[in-house]
Each structure stands twice: as structure tokens, then as C-alpha cells.
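Below is one structure; the comments refer to it alone.
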Amino acid sequence: MNGSGAPPRSGWANMVSELHVADLDASLSFWCGILGFAIAYQRSAERFAYLEHPEGHQIMLCQRHGRFETGPMTYPLGQGVMFQIYLASIEAPLAAIADRAWPLYQQPGEVWRRTGDCESGQREFFVQDPDGYLIMVAEKIGERPLAAG
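This is the structure in C-alpha cells:
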């Protein structure tokens, strides 16, 4: 059997990134064990997995095989790309990171950014997966009027 599982429970997302990884098992351990994704379906013979998160996020992982590589694949992969994952709470992935002694790229912090005529706030941290892909994990904490001045 080439594949197992089912389409994502939340339906197909209109845009899904596929990350080419050096070691699919290590990547699955990170994306599922730390970030809380689960395998929707996989094609083991192709070393491919389609992941979904209980909060609706989707991503594909495929062990590198040379196809679709448009340039040199040097660590850290994904240079110039940052993936953003918004969760109801960032506490579960932070606890999983601490349990595994996984390094953070940037410690958790609160930030407010202008979004039109107001500011949107979030708690966020940054982490790299086993291949060096940069991921921002955040929870929204509200909006407020623009600061005077």
C-alpha cells in the first residue's frame, strides 16, 4: 500500500506549503511532537506526509529527493521564508520545547504592530525545525487604538 490516512478533517486549505526535509522522521517528531500537528495521510514509499493541526493549519513534509529543488539546498533551509502559525495559546508548544530542550530562535514576547488604524497585539516566539525552517508561533491578544504621537 502506497498511502494511508485520509484527507484533512478541516477540508483542503487553499494554499499549503510543502517543505523538503533531510529526515522525514525527525521532522515529524518536531511538527507533531512539538507543534501539535498530526498526520492526515502519508505515502510512506515516497517519504511524504500531509499534516494538519487541530486549529486548522496544514503543511506537507517530503524527504528530499532532488526533484523541485531550484537551487542549492544548504542549511538552514528556507532562507528568506518565515512560517507563521497562530494558535489559541502558545503554552503547549512552549512546554513541548522545554521538555525536549529544543532551542528557541527568539524567546517569547509580546508585540504590538500597526494594522491599519489600530494596533494588533500578540505573544510570539520563534523556533527552527530540524532543517532550519523558521517558524513564528503566536497567539493573538487583542487590538488597541494607535498610540498618540
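Plus 1354 on top of the position in the sequence shown (first one is 1) and you've got my numbering. Each residue gets a CB set at the ideal place from its N, CA and C atoms; glycine is no exception. Small disclaimer: the values here were computed from a predicted structure and weren't measured.
Under 9 Å between C-beta atoms of residue i and residue j
i: cysteine 1416; j: leucine 1373; result: yes
i: tryptophan 1366; j: glutamine 1412; result: yes
i: arginine 1363; j: glutamate 1406; result: yes
i: leucine 1500; j: aspartate 1453; result: no
i: valine 1491; j: proline 1426; result: no
i: glycine 1463; j: isoleucine 1495; result: no
i: glycine 1434; j: tyrosine 1395; result: no
i: aspartate 1485; j: alanine 1376; result: yes
Residue i versus the options, residue with shortest Cα-Cα distance
i: glycine 1432; options: Asp1483, Pro1361, Gln1460, Ala1501; result: Asp1483
i: tyrosine 1487; options: Ile1495, Ala1360, Ala1501, Ser1371; result: Ser1371
i: leucine 1378; options: Ile1451, Pro1408, Phe1402; result: Phe1402
i: tryptophan 1385; options: Arg1421, Arg1498, Asn1368, Phe1437; result: Phe1437
i: glutamate 1445; options: Glu1493, Ala1502, Arg1418, Arg1421; result: Glu1493
Rounded separation between residue i and residue j - CA only
i: alanine 1455; j: glutamate 1478; result: 18 Å
i: valine 1481; j: alanine 1449; result: 13 Å
i: proline 1457; j: tyrosine 1429; result: 16 Å
i: methionine 1355; j: glutamate 1497; result: Only weak support is given to the placement of methionine 1355: the predicted model assigns it a pLDDT of 33, under 50, and the value that follows is read from those uncertain coordinates. The alpha-carbon atoms of methionine 1355 and glutamate 1497 are separated by roughly 50 Å.
i: glutamate 1473; j: proline 1361; result: 37 Å
i: asparagine 1368; j: glycine 1410; result: 12 Å
i: methionine 1414; j: glutamine 1460; result: 24 Å
Range of the contiguous beta strand (DSSP E) that encloses residue i
i: isoleucine 1413; result: 1412 to 1417
i: glutamate 1406; result: 1402 to 1406
i: isoleucine 1439; result: 1436 to 1440
i: tryptophan 1466; result: 1458 to 1468
i: glutamate 1473; result: 1472 to 1482
i: alanine 1392; result: 1392 to 1397
i: valine 1370; result: Premise fails: valine 1370 is in no beta strand (DSSP E) and is neither H nor E.
Terminal residues of the alpha helix (DSSP H) in which residue i lies
i: glutamate 1493; result: No alpha helix (DSSP H) contains glutamate 1493, which is instead part of the beta strand (DSSP E) from 1488 to 1499.
i: phenylalanine 1384; result: 1378 to 1387
i: alanine 1452; result: 1445 to 1453
Check: residue i C-beta below 8 Å from any heavy atom of the ligand COA
i: alanine 1376; result: Ligands displayed in this structure: none; no statement on the ligand COA is therefore possible.
Pairing CB atoms from the segment 1382 to 1392 with CB atoms from the segment 1439 to 1451, are three or more of them under 8 Å? When Cβ pairs closer than 8 Å are counted between the two stretches, the segment 1382 to 1392 is seen to touch the segment 1439 to 1451, the count reaching three or more.
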